[in-house]
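What follows is one structure encoded as structure tokens, with my remarks underneath.
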Amino acid sequence: MLKVENLSKEFTMHIRGGKKIVTLSDISFQVRKGEFLGITGPSGIGKSSLLKCIYRTYLPSGGNIWYLSGEGEMVNLATVDDHKILELRRSEIGYVAQFLHVIPRVSALEVVSSALITQGVEPKAREERAKELFRRLGIPASLWEMYPSSFSGGEKQRLNIIRGLISKPRLLLLDEPTASLDPVSKREVISLIQELKKEGTTMIGVFHDYETLMKLADTQLDINLKKCKEVCV
Amino acid sequence: MIAHKREPVLSVRGLSKMYGKGCPSCQTLTGPEFNNNVCPVCSSILALHDISFDLYEGEILGIVGESGSGKSSLVQCLYFDQDATSGEVYLAHYNEGKDNVLNIPASKKRYLRNHLMGMVYQNPVLGLKLNISSGGNIAEKLLAADLYIYEEIRERGKKLLEKTEIPMYYMDEIPKKLSGGMQQRVQIAKALANNPPLLLLDEVTTGLDVSVQARVLDLIKALQQELQISMIVVSHDLGVIRLLTNRTLVLKNGRLVEVGLTDQIMEDPQHAYSQLLVHSML
Ligand SMILES: Nc1ncnc2c1ncn2[C@@H]1O[C@H](COP(=O)(O)OP(=O)(O)OP(=O)(O)O)[C@@H](O)[C@H]1O
Ligand SMILES: Nc1ncnc2c1ncn2[C@@H]1O[C@H](COP(=O)(O)OP(=O)(O)OP(=O)(O)O)[C@@H](O)[C@H]1O
Ligand SMILES: [Mg+2]
Ligand SMILES: [Mg+2]
Ligand SMILES: [Zn+2]
Numbered sequence: 168m169l170k171v172e173n174l175s176k177e178f179t180m181h182i183r184g185g186k187k188i189v190t191l192s193d194i195s196f197q198v199r200k201g202e203f204l205g206i207t208g209p210s211g212i213g214k215s216s217l218l219k220c221i222y223r224t225y226l227p228s229g230g231n232i233w234y235l236s237g238e239g240e241m242v243n244l245a246t247v248d249d250h251k252i253l254e255l256r257r258s259e260i261g262y263v264a265q266f267l268h269v270i271p272r273v274s275a276l277e278v279v280s281s282a283l284i285t286q287g288v289e290p291k292a293r294e295e296r297a298k299e300l301f302r303r304l305g306i307p308a309s310l311w312e313m314y315p316s317s318f319s320g321g322e323k324q325r326l327n328i329i330r331g332l333i334s335k336p337r338l339l340l341l342d343e344p345t346a347s348l349d350p351v352s353k354r355e356v357i358s359l360i361q362e363l364k365k366e367g368t369t370m371i372g373v374f375h376d377y378e379t380l381m382k383l384a385d386t387q388l389d390i391n392l393k394k395c396k397e398v399c400v
Numbered sequence: 047m048i049a050h051k052r053e054p055v056l057s058v059r060g061l062s063k064m065y066g067k068g069c070p071s072c073q074t075l076t077g078p079e080f081n082n083n084v085c086p087v088c089s090s091i092l093a094l095h096d097i098s099f100d101l102y103e104g105e106i107l108g109i110v111g112e113s114g115s116g117k118s119s120l121v122q123c124l125y126f127d128q129d130a131t132s133g134e135v136y137l138a139h140y141n142e143g144k145d146n147v148l149n150i151p152a153s154k155k156r157y158l159r160n161h162l163m164g165m166v167y168q169n170p171v172l173g174l175k176l177n178i179s180s181g182g183n184i185a186e187k188l189l190a191a192d193l194y195i196y197e198e199i200r201e202r203g204k205k206l207l208e209k210t211e212i213p214m215y216y217m218d219e220i221p222k223k224l225s226g227g228m229q230q231r232v233q234i235a236k237a238l239a240n241n242p243p244l245l246l247l248d249e250v251t252t253g254l255d256v257s258v259q260a261r262v263l264d265l266i267k268a269l270q271q272e273l274q275i276s277m278i279v280v281s282h283d284l285g286v287i288r289l290l291t292n293r294t295l296v297l298k299n300g301r302l303v304e305v306g307l308t309d310q311i312m313e314d315p316q317h318a319y320s321q322l323l324v325h326s327m328l
């Protein structure tokens, strides 16, 4: 469903005399439908950058990212126009960032339930679904109407995960979704991810923690020394 | 699932706006490389040069850039407050997007303004008659959009005030007596009066208290989610842009230096000027 060919990403820092930072070079791999690909590698090697290139928060410098959409269309996420990317983000590609980008002045309930608006879900049903997930991940009802900017790191992360999962995307990108969670929420997040996987969602996840990786991933991509190799778990 | 059509609601091609007579050197001696939009030969101001972009249904496009980069000129050309010097603009809702609306007769332009667009100005003085009641201001827009029945106007006015969270007793109050935040709300209510498919917002929150800003932003966000209107949001505040928009244009000295997904512009700006702009805000 996703085929990455010779992907590279470098940043040109114009404000620092045109200095170039090479972050990814010549990365190739593929993910089949319904599969979970785990990505590992040392800090700073480019794991988050890889997910951001697929989501197009970063503009790839070279290579192709072939994605077979739900409508059966082959789209190169590296080069397709912004409008198409927005359409895919609305309907089938989800992303849980390593750090929650808190939207100021929007309540937790809204942050989460608004992810369902573009799928045409009724307001009542949106709220119900959000509350159900809040309960599962132990976000107390007293926080539902609050602004997430005041949440703790772990609460923010759970919120972030709920936001990414609620719309049940076809392809889900997960950047260290369990990094700052206590063992109980972590177990709950893992089981949520497993349920989603059973329903057919294809996933690419970055993990520091080997144990979690082993629980979730079908295949593993280890990015190391700017080279990558694919290993089967 | 809401169908987002793959045709633009608005297409802008090669739009230029010159203040002054212009000369052959205007184009070649202004722009980001010269850090200037004033022609050194004839002193004309090239406020916009060769701007092209598309806006899709339900999309919110941000416009950023330093003071004088041409942001207001751009939305004012689209709203026909200013006459563009050259270029093409197509609106899907007007004759199926076949006509360059910059060239249609003035009466048709008035029709477009009244039926297909709403505008909120940075300065409420430009958008409101401050000595006519808030209800009257809204009624004016409804009359322009061919709604003539008094009860209906009054009823629609009430609904709009409700939607924009303006207390009903302000309906008969003149905007002059209202706070800045309330004036902006009345402007938004007025801009929405004709149910426009395209809303233009020029620095709606500039000059307001932070808490008032927050409420105005919430309102815009809620309206967008509810009504799925396409919007152009001009702001020098990247926080506002990040909060509200899907895509962003970066202007510098009247030129379009970069366009991209808003998160990409914020996290991976390509052009030297966009990088400077984003980093200076962090
Ligand atoms: N927007 C950016 N601009 C400039 N350099 C960047 C940017 N994003 C990432 N980099 C650089 O690219 C490299 C890879 O960063 P990335 O965040 O992808 O690493 P990572 O493997 O996810 O690390 P970690 O495990 O610590 O999260 C780093 O050297 C980082 O400084
Ligand atoms: N009516 C006018 N007559 C002459 N010059 C004008 C006129 N309106 C704008 N300009 C000039 O055109 C250029 C662009 O102005 P514009 O108002 O579009 O900038 P802006 O990006 O909106 O700036 P700001 O952030 O300060 O609102 C400026 O150099 C300005 O001085
Ligand atoms: Mg990372
Ligand atoms: Mg302006
Ligand atoms: Zn000149």
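Going down the list, the sequences are from chains A and B. Counted the way our numbering counts, the first sequence spans residues 168 to 400. Counted the way our numbering counts, the second sequence spans residues 47 to 328. Cβ coordinates follow ideal geometry from the N, Cα and C atoms, glycine included. Quick caveat, the model's predicted, so the values are computed rather than measured.
Quick one: is residue i near chain A, going by C-beta distance under 8 Å?
i: B/Leu265; result: no
i: B/Gln233; result: no
i: B/Glu142; result: no
i: B/Gln310; result: yes
i: B/Met47; result: Its pLDDT being 36, under 50, B/Met47 is placed unreliably by the model, and the measurement read from it follows with that caveat. So, interface residue.
i: B/Asp314; result: yes
i: B/His3; result: Lying outside 47 to 328, the shown extent of chain B, residue 3 of chain B is not represented and no answer is given.
i: B/Leu307; result: yes
i: B/Ala334; result: Because chain B spans 47 through 328 in this model, residue 334 of chain B falls outside it and cannot be assessed.
i: B/Gln230; result: no
i: B/Gln73; result: no
Which same chain residues, not among the five before or five after residue i, have their C-beta less than 6 Å away from its C-beta?
i: A/Lys200; result: Met168, Thr369
i: B/Asp129; result: none
i: B/Gly300; result: Asn83, Leu92, Ala93, Leu94, His95, Gly116
i: B/Lys63; result: Ala93, Leu94, Ser119, Cys123, Ala130, Thr131
i: A/Tyr262; result: Tyr222, Leu340
Taking Cβ positions only, does residue i come closer than 8 Å to chain B?
i: A/Ile260; result: no
i: A/Tyr225; result: yes
i: A/Ile182; result: yes
i: A/Glu397; result: With a pLDDT of 43 at A/Glu397, under the threshold of 50, the modelled position of that residue is not reliable, and the figure given next carries that caveat. No, no contact with chain B.
Kindly list the residues whose CB is nearer than 7 Å to the CB of residue i, restricted to its own chain and excluding five residues on each side of it in sequence; keep chain order.
i: A/Glu343; result: Gln265, Val373, Phe374, His375
i: A/Thr190; result: Lys176, Glu177, Phe178, Gly213, Ser216
i: B/Arg159; result: Tyr125, Phe126
i: A/Thr379; result: Thr345, Ile357
i: B/His50; result: Low confidence applies here, because B/His50 scores a pLDDT of 48, under 50, leaving its location unreliable and the question unanswered by this model.
i: B/Leu176; result: Ile220, Pro221, Lys222
Terminal residues of the continuous beta strand (DSSP E) containing residue i?
i: A/Pro350; result: No beta strand (DSSP E) holds A/Pro350; the alpha helix (DSSP H) holding it covers 350 to 365.
i: A/Leu310; result: Counting along the chain, A/Leu310 falls outside any beta strand (DSSP E), and DSSP gives it neither H nor E.
i: B/Met163; result: 163 to 166
i: A/Gly205; result: 203 to 207
i: A/Asn173; result: 169 to 180
Please list, in chain order, all residues of the same chain as residue i whose beta carbon is under 8 Å from its beta carbon, the five residues on each side excluded.
i: A/Glu259; result: Ser236, Gly237, Pro336, Arg337, Leu338
i: B/Ser320; result: Val296, Val303, Glu304, Ile311
i: B/Leu289; result: Leu263, Lys267
i: A/Leu348; result: Gly321, Gln324, Arg325, Val356
i: B/Val147; result: Val135, Tyr136, Leu137, Tyr140, Lys154, Lys155, Leu158
i: B/Asn81; result: Asn299
i: A/Gly305; result: Arg325, Val351, Ser352, Glu355
Let me see if you follow: with CB-CB separation under 8 Å, is residue i close to chain D or not?
i: A/His375; result: Checking the listed chains, one finds no chain D in this structure; the protein chains it contains are A and B.
Taking the continuous alpha helix (DSSP H) assigned at residue i, which residues delimit it?
i: B/Glu53; result: Element bounds for B/Glu53: n/a, residue is neither H nor E.
i: B/Thr308; result: 308 to 313
i: A/Asp385; result: First-last for A/Asp385: undefined, no H or E at that position.
i: B/Ser326; result: 318 to 327
i: A/Ile329; result: 320 to 332
i: B/Ser118; result: 117 to 124
i: B/Lys144; result: Careful: B/Lys144 lies outside any alpha helix (DSSP H) and carries neither H nor E.
i: B/Gly173; result: 170 to 173
*asked:* Beta carbons nearer than 9 Å to chain A: which residues of the stretch 283 to 303 of chain B have them?
replied: From the stretch 283 to 303 of chain B, only Gly285, Arg288, Leu289, Asn292, Arg293 have a Cβ closer than 9 Å to chain A.
_Contact list for the stretch 94 to 120 of chain B against chain A, Cβ threshold 9 Å_ = The stretch 94 to 120 of chain B vs chain A, Cβ under 9 Å: Asp100, Tyr102, Gly104, Glu105.
*Which residue spans inside the stretch 182 to 237 of chain B form an unbroken alpha helix (DSSP H) run of at least 4?*
As far as the stretch 182 to 237 of chain B is concerned, its whole alpha helix (DSSP H) runs of at least 4 residues are 196 to 209.
_Contact list for the stretch 281 to 314 of chain A against chain B, Cβ threshold 9 Å_ = Residues passing the 9 Å Cβ filter: Ser281, Ile284, Thr285, Gln286, Gly287.
*Taking only runs of the alpha helix (DSSP H) that begin and end inside the stretch 230 to 302 of chain A, which ones reach a length of at least 4 residues, in chain order?*
Within the stretch 230 to 302 of chain A, complete alpha helix (DSSP H) segments of at least 4 residues are found at 249 to 258, 275 to 280, given in chain order.
_Contact set between the stretch 229 to 254 of chain A and chain B, restricted to residues whose Cβ is under 7 Å from the partner_ = Among the residues of the stretch 229 to 254 of chain A, those with a Cβ less than 7 Å away from any Cβ of chain B are Asp249, His250, Ile252, Leu253, Glu254, in the order of the chain.
*In chain order, which beta strand (DSSP E) runs of at least 3 residues are fully inside the stretch 64 to 103 of chain B?*
Entirely contained in the stretch 64 to 103 of chain B, the beta strand (DSSP E) runs reaching 3 residues are, in chain order, 91 to 102.
_Continuous alpha helix (DSSP H) assignments of at least 4 residues falling wholly in the stretch 252 to 305 of chain B_ = With a minimum length of 4 residues, the continuous alpha helix (DSSP H) runs that stay inside the stretch 252 to 305 of chain B are 256 to 273, 284 to 290.
*asked:* What are the residues in the stretch 184 to 200 of chain B lying within 8 Å of chain A by C-beta distance?
replied: Cβ contacts with chain A come from no residue of the stretch 184 to 200 of chain B.
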